[in-house]
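I have placed the structure first, in the form of structure tokens, so that the comments after it can refer back to it.
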Amino acid sequence: MGVTSVVKIDADQGVEELVALARMIAYARQVAQDVKLPFATNCLDLALEAVKQEVGEGLTRELAELSSPVPQVSVRSH
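For the sequence shown, the working numbering assigns the number 72 to the initial residue and increments by one for each residue that follows.
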């Protein structure tokens, strides 16, 4: 399966995968912060916020522990 392949998954599985991805990004962000890599930390902050926006408002409680200092911005194309 290539990068451009389309995979059909149900909504619940997709949300679960996005939450798992957000947790992985949050962990990587914490490690980058611990080893004093500010650029990597900032990039991971942006990635985390993008995933949180993709998940949507419905799971804010599950993702509350994954907060980052980046303000909410739109990452969708115009």
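Beta carbons: idealized from backbone N, C-alpha and C, even for Gly.
Item to check | Sequence-distant residues of the same chain with beta carbon closer than 7 angstroms to V122, five excluded per side | outcome: As a first step, residue 122 is located in the sequence shown; it is residue number 51 there, counting from the start. Around V122: L89, L92, A93, I96.
Checklist entry - Given A103, which residues of its chain have a CB within under 7 angstroms of its CB, disregarding the five upstream and five downstream residues? => result Against the sequence shown, residue 103 aligns to sequence position 32. Correct list, in chain order: A111, T112, L115.
Checklist entry - When you compare only the Cα positions, how much space is there between L108 and A99? => result By one-based count along the sequence shown, residue 108 stands at place 37. By one-based count along the sequence shown, residue 99 stands at place 28. So the alpha carbons of these two residues sit roughly 11 angstroms apart.
Item to check | Coarse secondary structure for V102, derived from DSSP in three states | outcome: Position 31 of the sequence shown, counted from the first residue, corresponds to residue 102. Three-state DSSP puts V102 in a helix.
Checklist entry - Quick one: Cα of E87 to Cα of V126, how far? => result Residue numbering aside, residue 87 sits at position 16 when the sequence shown is read from its first letter. Residue numbering aside, residue 126 sits at position 55 when the sequence shown is read from its first letter. Answer to the nearest angstrom: the Cα atoms are 9 angstroms apart.
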